[in-house]
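Going by our numbering, the letters in the sequence shown line up with residues 1429 to 2053, in that order. Just so it is clear, CB atoms sit at the ideal spot from N, CA and C, and this is done for glycine as well. Just so we're clear, the structure is a prediction, and the values are computed from it rather than from any experiment. Let me begin by presenting the structure, written as structure tokens, before commenting on it.
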Amino acid sequence: MKVKRTVEFVKRPENLFLLLGKDIEATRMFQDELQDKVRPFIDLIDDMRYLGIEEEMPLPTIVVVGDQSSGKSSVLEALSGVSLPRGTGIVTRCPLLLKLCKDSSRAWRAVLSYSDKVIEFDEPEEINDYVQEAQDALAGEGDGISDELITLKITSSVVCDLTLIDLPGIARVAMPGQPENIGEQTKNLIHKHIKKEETIILVVVPCNVDIATTEALKMAQQVDPEGTRTLAILTKPDLIDPGAEKNILDIVHNRTIPLNLGYVIVKCRGQKQIDEDMSISDAIEDEKKFFERHKYFSSLQDKITIKHLSTKLTKSLVDHIKKSLPRMSEKVKSQLGEVRSNLNKLKPGPPEDLAEMRKQLSLVITEFNEKITQLSKGDITVQGNLFVLMRTEFQDWMECLKKSKSNYHEAVKNVVDEYDDNHRGNELPGFNNYRVFQNVVQNLLNTLKDPAIMTLQTVKDMVQKQFDHLSKDTFKDYPFLQHFSKRSIYDIQDQQSKIAMERIMQQFEMEKLVYTQDEIFNVKNGLPGETTAYTEQDKRDKYPELLTAYYEIVVQRLADQVPMLIQYFILKEATKIVCTEMLSLLYSNDTERILQEDPHIETYRTKLHCQLDRLQLANEKLSNL
């Protein structure tokens, strides 16, 4: 948007300044001499701010703070040569970055920018409306505030080279329509800016108030107790009570509250002069005459007038920038190294060519399959050694079997002791029913089923967890592959768990047959083997010993067989099936979707590249200064 309007000669700021004669010409000559020295430093910071380097580090700047009605707006008007929003309550409702650029070769023009809007115009009278419109857009209509920045760049032949940020005045009491905590909001916003070591704090204090009670100066002292980066502007010297001038002199001469950057007294337009339409240029001339005639202040020379303030501010900002350059350069280089390192850690995004996509998909799946196969063999570890963890569970299973032995021995002994009274069937005296003792074995086996299934479930969860972790690590940049592999792992483990459970149950059913080779049974009993006569073994008092020997065989079979079934189906077979499922993706016609990145990764990579570009440009500008 560009607005053009015909305005009378005397209403243009540069023409108004021309009317002031030799004094303005002298100022122009002085500023022209300074321009070549100071503009590169101010431009550097403005450029870095435009690049967005403030996201990486704070930049040297001047921040204007003051209580409400302290005269902030009048000071900024005098410095910029244009009228800014005025009124009661909070007038500045958003931070206003005011960039003043001296350019003798160009007519007055301004650029206002905020959010994604950029407005160019060449009529000073338009500023007030545009700033108000920007504040309403960012902070809402009314008296609310926002921490979003409005930038106003003014290019003119008569302004000084200077950039500063105007902040909302400190509110003490909420006005109608304002939130109750408006005072806290303004203080938080101010503190956010002035706490940075790179910030010069420009405190505006009226001469007709007790400086020690000024909230703005108190806040400055909290973050800058030595006063090394605080400059105070004393406004409204015409409102000083007679006899209080010496107190102001003590303040200006740093005898009351010492500040390294000192004090400057200025006299800007008052409300009466504004109502009478006094121009800013006339106000500057009025200020000059006021100090020339003042009994106490005329001798202060370099501590009075807007003209001196503008020169002092420019010099202070440039000195501050120069001091900050080594630290800024070091910080930029450090950030560059960190950003490059973070980019190197990220895998490249998916290729655009379909053939390259298929090649990359093959590489990614192959990597996963190799890792999961190595995991199943114990060649790599993921969140602990899987085989050590499984062995612990299998040892617990073995302990369960060992504990069952004493129960088994006791049950057999009771059957023998109570056989004739409680267990004898239709057999003749002296004979025994083998099924009675078979039932003892079968009943005890039933009690071992649940521990076996619990072992299966525990190991299954353990393996699945490690498979999942491997999937997340390998496919962290590919959400589809991660989701697909995770779902496949879950389904396959569920399927293999059912098969393993069925086989374990079959094993228990087979154990109920109460069978082992005679030779194995005899060896367990310490007998010679196949040639042994069995007559001695048929005696009832030998049954507990014989059946206990048999149970040792059962325990040995279960101790090995259950873990072997679990490992075979849950680890070995599951691994092979998962690998096959993953390989099936290579034949898909939807390779692009399969390789689609996690949006967060893509956003993060883009952010890093933008950050890298900013820092590289900043580093180049710092190196070329």
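Item: How many angstroms separate the CA atom of Gly1449 from the CA atom of Arg1721?; Value: Unreliable placement is indicated for Gly1449, whose pLDDT of 44 sits below 50; no coordinate value is reported for it.
Item: State whether the segment 1786-1798 contacts the segment 1895-1909, with contact taken as three or more CB pairs (one from each stretch) at a distance under 8 Å.; Value: yes
Item: Measuring alpha carbon to alpha carbon, tell me which of Ser1834, Gln1811 and Leu1525 ends up nearest Gln1892.; Value: Gln1811
Item: In the DSSP assignment, what residue or residues form a beta bridge with Ser1584?; Value: Lys1530
Item: With DSSP as the reference, label Val1601 as helix, strand or coil.; Value: coil
Item: Hey, how far is the Cα of Thr2019 from the Cα of Leu2013?; Value: 8 Å
Item: Going by beta-carbon coordinates alone, are Ile1693 and Ile1732 separated by less than 7 Å?; Value: yes
Item: Rounded to the nearest angstrom, what separates Glu1713 and Met1706 at their Cα positions?; Value: 11 Å
Item: Within the continuous beta strand (DSSP E) that includes Gly1494, where are the two ends?; Value: Thr1489 to Gly1494
Item: Buried or exposed: Pro1441, going by 16 or more other Cβ atoms within 10 Å of its Cβ?; Value: Per-residue confidence for Pro1441 stands at a pLDDT of 41, beneath the threshold of 50, marking its modelled position as unreliable; no derived number is given.
Item: When DSSP labels each residue in this structure, what does Ser1913 get in the three-state scheme?; Value: helix
Item: Alpha carbon to alpha carbon, what distance is there between Cys2007 and Lys1833?; Value: 42 Å
Item: With a CB to CB cut of under 8 Å and the five nearest residues on each side skipped, what residues in its chain are close to Leu1764?; Value: Leu2040, Leu2043, Gln2044 and Asn2047
Item: Enumerate in chain order the residues of its own chain whose CB-to-CB distance from Gln1870 is below 6 Å, with the five nearest sequence positions on each side excluded.; Value: Lys1940
Item: Taking just the CA atoms, how far does Gln1921 sit from Glu1937?; Value: 24 Å
Item: Have a look at the DSSP bridge pairing and note the partners of Thr1658.; Value: Ile1629
Item: Buried or exposed for Ala1454, going by 16 or more other Cβ atoms inside 10 Å?; Value: A caution first: Ala1454 carries a pLDDT of 48, below 50, which makes its placement in the model too unreliable to give a value.
Item: For Glu1694, name the three-state secondary structure that DSSP assigns.; Value: The amino acid at residue 1694 is misidentified as Glu; the sequence shows Val. In the structure shown, Val1694 sits in coil (DSSP, three-state: anything other than H, G, I, E or B).
Item: Buried or exposed for Ala2002, please, with buried defined as at least 16 other CB atoms from any protein chain shown within 10 angstroms of its CB.; Value: buried
Item: Return the chain-ordered list of same chain residues with a C-beta closer than 6 Å to the C-beta of Leu1659, the five sequence neighbours on each side being excluded.; Value: Leu1630 and Leu1689
Item: Less than 7 Å separating the beta-carbons of Phe1549 and Ala1565?; Value: no
Item: Report the residue ranges of all beta strand (DSSP E) runs contained in full by the segment 1875-1901; include only those spanning at least 3 residues, in chain order.; Value: none
Item: Inspect the beta-carbon positions of Ser1899 and Lys1914 and report whether they are closer than 7 Å.; Value: yes
Item: Using only the alpha-carbon positions, how far apart do Leu1580 and Leu1528 sit?; Value: 8 Å
Item: Around the Cβ of Asp1878, are there at least 16 other Cβ atoms within 10 angstroms (buried) or fewer (exposed)?; Value: exposed
Item: When DSSP labels each residue in this structure, what does Ile1555 get in the three-state scheme?; Value: helix
Item: For Leu1444, name the three-state secondary structure that DSSP assigns.; Value: Residue placement at Leu1444 is flagged as unreliable, the pLDDT there being 37, under the threshold of 50; the coordinate-derived value follows with that caveat. DSSP places Leu1444 in helix when its eight states are reduced to three.
Item: State yes or no: is the C-beta of Leu1789 within less than 7 Å of the C-beta of Leu2036?; Value: no
Item: Taking the beta strand (DSSP E) that Ala1538 falls in, what are its first and last residues?; Value: Arg1537 to Tyr1542
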